[in-house]
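Novice:
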Amino acid sequence: MRDLLADLADVGRDPRRGGYSRHGFDRAELELREWFTAEALRRDLGVRTDRNGNLWAWWGEPGADAVVTGSHLDSVPGGGAFDGPLGVTTALEAVDVLRAKGFTPARPLAVVVFAEEEGGRFGVPCLGTRLLTGAIDADAARRLTDPDGVTLAEAVADAGLDPARLGRDDEALATVGRFVELHVEQGRGLVDLDAAVGVASSILAHGRWRFTFSGEGNHAGATLLGDRRDPMLPASALVLAARRAASHVDDARATVGRLVPNPGGTNVIASTVDVWLDARAPDSPRTRAVVEEIAAAARAAATEEGCSVTVTEESYGDTVHFDAGLRDELAGVLGGVPALPTGAGHDAGILAAHVPTAMLFVRNPTGVSHAPAEHAEPADCAAGVVALAAALERLAG
Ligand code: HGY
Ligand code: MN
Ligand code: MN
Numbered sequence: 009m010r011d012l013l014a015d016l017a018d019v020g021r022d023p024r025r026g027g028y029s030r031h032g033f034d035r036a037e038l039e040l041r042e043w044f045t046a047e048a049l050r051r052d053l054g055v056r057t058d059r060n061g062n063l064w065a066w067w068g069e070p071g072a073d074a075v076v077t078g079s080h081l082d083s084v085p086g087g088g089a090f091d092g093p094l095g096v097t098t099a100l101e102a103v104d105v106l107r108a109k110g111f112t113p114a115r116p117l118a119v120v121v122f123a124e125e126e127g128g129r130f131g132v133p134c135l136g137t138r139l140l141t142g143a144i145d146a147d148a149a150r151r152l153t154d155p156d157g158v159t160l161a162e163a164v165a166d167a168g169l170d171p172a173r174l175g176r177d178d179e180a181l182a183t184v185g186r187f188v189e190l191h192v193e194q195g196r197g198l199v200d201l202d203a204a205v206g207v208a209s210s211i212l213a214h215g216r217w218r219f220t221f222s223g224e225g226n227h228a229g230a231t232l233l234g235d236r237r238d239p240m241l242p243a244s245a246l247v248l249a250a251r252r253a254a255s256h257v258d259d260a261r262a263t264v265g266r267l268v269p270n271p272g273g274t275n276v277i278a279s280t281v282d283v284w285l286d287a288r289a290p291d292s293p294r295t296r297a298v299v300e301e302i303a304a305a306a307r308a309a310a311t312e313e314g315c316s317v318t319v320t321e322e323s324y325g326d327t328v329h330f331d332a333g334l335r336d337e338l339a340g341v342l343g344g345v346p347a348l349p350t351g352a353g354h355d356a357g358i359l360a361a362h363v364p365t366a367m368l369f370v371r372n373p374t375g376v377s378h379a380p381a382e383h384a385e386p387a388d389c390a391a392g393v394v395a396l397a398a399a400l401e402r403l404a405g
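Just so we're aligned: the sequence shown equals residues 9 to 405 in my numbering.
So, in structure tokens, the structure goes:
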């Protein structure tokens, strides 16, 4: 585990933000794909890249009713070392553990790396699994652009894929019998329960909305206050409305982590401001209610400042309830580990609508994630390997 994580330690380091910036099909993530492919081949796993850029490493011939495990290697901007990679490295280690004890799977087993889970480049989370399952329109996906205006179609073509083939992959989906994703916990649930490993019960409903405020670009010194239409004001109102709206809805969260003024000069009144809202709650009615309240505040503030605003829903996923039978079966195999909900989205959340899916969590001492301080202790990572190996042995035995 330590060696595998050390292999990745210098890939995609972000000196400006700290932590790692590894995004779908960018240089760092392509380097991680090469690393994964080499590690899989070293284990005599057959590696295939599907039409959507997801990497599948097969123990045995690909076939129906496979037991699939894995996660993602991309990160958020300035992310930690464990979100994604822990699920991939423990999966490779679990194969080693099973091989060392002479286990031979009775059904196909695969370790998978899904593409662009964080949406850090093209803005849609779990892009690889949304494409795989048809949860996103392929044409709309091809047109997604990164901050430099590069389309997903161009990025996958540069990575050697045919953009025309992006889209629902019934053949690949048909091979998956059950999916188990191991992930560092993004929260302190296991710390409070004093447990190294847990299973997931549910994922919050969550979505992303893009607000574009338009006003009048002008000079910061020469423009009187009464003559301004400054989109930064309604943008700021939205940020504050997000916290206010979420604070009075039970267990809701709303975040603005990304606000981009155009042109972005210190002595320039912005002409437009793009603001991305991430909102989540235990169910869709609550999530939608929070977003509606925020959008109403944004519209009112825009009108007051003589600005206009457009709102675009960029992604949405309803609450995910993981397969209770599989959850309880694995909790039992692991000696009765706790089941806990998560506020973080995962590829497992997309696949859960198609195949019985479970998640294993490994304790995160501080609970911090999506930041360089994200951490898991080596002993807990090892407990994760043992747990995942036991889960795979049970399901593929
Ligand atoms: O945003 C999320 O919840 C996940 O980490 N992609
Ligand atoms: Mn994440
Ligand atoms: Mn993740």
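Quick reminder that beta carbons are idealized off the backbone N, C-alpha and C, glycines included.
Rounded to whole angstroms, what is the Cα-Cα separation between VAL105 and ALA397?
Specialist: As a working note, residue 105 is residue 97 in the sequence shown. As a working note, residue 397 is residue 389 in the sequence shown. Going from the Cα of VAL105 to the Cα of ALA397 covers about 7 Å.
Novice: Say yes only if the C-beta of ASP91 is nearer than 7 Å to one or more non-hydrogen atoms of ligand 1, and no if none qualify.
Specialist: Here residue 91 is taken as the residue at index 83 of the sequence shown, counted from 1. Yes.
Novice: Would you check whether ligand 1 has a heavy atom nearer than 7 Å to the C-beta of PRO85?
Specialist: Taking the sequence shown and counting its residues from 1, one reaches residue 85 at position 77. Because no heavy atom of ligand 1 lies under 7 Å away, the Cβ of PRO85 does not count as near it: no.
Novice: Have a look at VAL376 and GLY234 and give me their C-alpha separation to the nearest angstrom.
Specialist: As a position in the sequence shown, residue 376 is number 368, starting the count at 1. As a position in the sequence shown, residue 234 is number 226, starting the count at 1. In a straight line, the C-alpha of VAL376 is about 44 Å away from that of GLY234.
Novice: Should GLU125 be listed as close to ligand 3, given that the test is whether its C-beta is under 7 Å from any heavy atom?
Specialist: Position 117 of the sequence shown, counted from the first residue, corresponds to residue 125. Yes, Cβ of GLU125 sits closer than 7 Å to a heavy atom of ligand 3.
Novice: Between ALA36 and the rest of its own chain, which residues show a CB-CB distance below 8 Å, the 5 nearest in sequence each way excluded?
Specialist: Within the sequence shown, numbered from 1, the residue matching residue 36 stands at position 28. The residues are VAL19, GLY20, TYR28, SER29 and ARG30.
Novice: Would you list the one or two residues that DSSP bridges to ALA87?
Specialist: In the sequence shown, counting from the first residue as 1, residue 87 sits at position 79. At residue 87 the sequence reads Gly, which differs from the Ala that was named. The partner list for GLY87 (beta bridge, DSSP) reads TYR28.
Novice: May I ask you to check if the CB of ALA289 is nearer than 7 Å to at least one heavy atom of ligand 1?
Specialist: Counted from its first residue, the sequence shown places residue 289 at position 281. Flag unset: Cβ of ALA289 not near ligand 1.
Novice: Tell me whether ALA352 counts as near ligand 2, meaning its Cβ is closer than 7 Å to at least one heavy atom of that ligand.
Specialist: Numbered from its first residue, the sequence shown carries residue 352 at position 344. Because some heavy atom of ligand 2 lies under 7 Å away, the Cβ of ALA352 counts as near it: yes.
Novice: So what does DSSP say about THR274, is it helix, strand or coil?
Specialist: Residue numbering aside, residue 274 sits at position 266 when the sequence shown is read from its first letter. Reduced to three states, the DSSP call for THR274 is coil.
Novice: When DSSP labels each residue in this structure, what does ALA74 get in the three-state scheme?
Specialist: Taking the first residue of the sequence shown as 1, we reach residue 74 at position 66. It is a strand residue.
Novice: Give a yes or no on whether the minimum CB-CB distance between PHE219 and chain E is below 8 Å.
Specialist: Among the chains in the structure shown there is no chain E, since it carries only a single protein chain.
Novice: For the candidate residues ALA46, VAL319 and ARG294, whose alpha-carbon lies nearest to that of ALA305?
Specialist: Within the sequence shown, residue 305 is the residue found at index 297, counting from 1. Minimum Cα distance to ALA305 is reached at VAL319.
Novice: Give me the Cβ distance between ALA243 and VAL298, rounded to the nearest whole Å; I'm assuming they're in contact under 8 Å.
Specialist: Numbered from 1 along the sequence shown, position 235 holds the residue referred to as residue 243. Numbered from 1 along the sequence shown, position 290 holds the residue referred to as residue 298. About 18 Å; that fails the 8 Å criterion.
Novice: In chain order, what residues of the same chain have a beta carbon less than 8 Å from the beta carbon of ASN275, not counting five sequence neighbours either side?
Specialist: Taking the sequence shown and counting its residues from 1, the one referred to as residue 275 is at position 267. The residues are HIS227, ALA228 and GLY229.
Novice: How would you call ARG151, buried or exposed, if buried means at least 16 neighbouring beta carbons within 10 angstroms?
Specialist: Start at 1 with the first residue of the sequence shown, and residue 151 comes out as number 143. Classification for ARG151: exposed.
Novice: Below 8 Å between beta carbons: does that hold for HIS191 and HIS354?
Specialist: Walking along the sequence shown from the start, residue 191 turns up at place 183. Walking along the sequence shown from the start, residue 354 turns up at place 346. In this structure, HIS354 lies closer than 8 Å to HIS191 by Cβ.
Novice: Counting C-beta neighbours from all protein chains within 10 Å, is the total for PRO214 16 or more, i.e. buried, or is it exposed?
Specialist: Taking the first residue of the sequence shown as position 1, residue 214 is located at position 206. One detail in the question is off: residue 214 reads as His in this sequence, not Pro. Counting Cβ neighbours within 10 Å, HIS214 comes out buried, since at least 16 surround it.
Novice: How about VAL119 and ALA404: are their beta carbons less than 8 Å apart?
Specialist: Within the sequence shown, numbered from 1, the residue matching residue 119 stands at position 111. Within the sequence shown, numbered from 1, the residue matching residue 404 stands at position 396. In this structure, ALA404 does not lie closer than 8 Å to VAL119 by Cβ.
Novice: Return the bridge partner residues of MET367 from the DSSP annotation.
Specialist: Here residue 367 refers to the residue found at position 359 of the sequence shown. Bridge partners of MET367: GLU189.
Novice: Heavy atom of ligand 1 less than 7 Å from the Cβ of PRO133, yes or no?
Specialist: If you number the sequence shown from 1, residue 133 lands on position 125. Yes - ligand 1 has a heavy atom lying nearer than 7 Å to the Cβ of PRO133.
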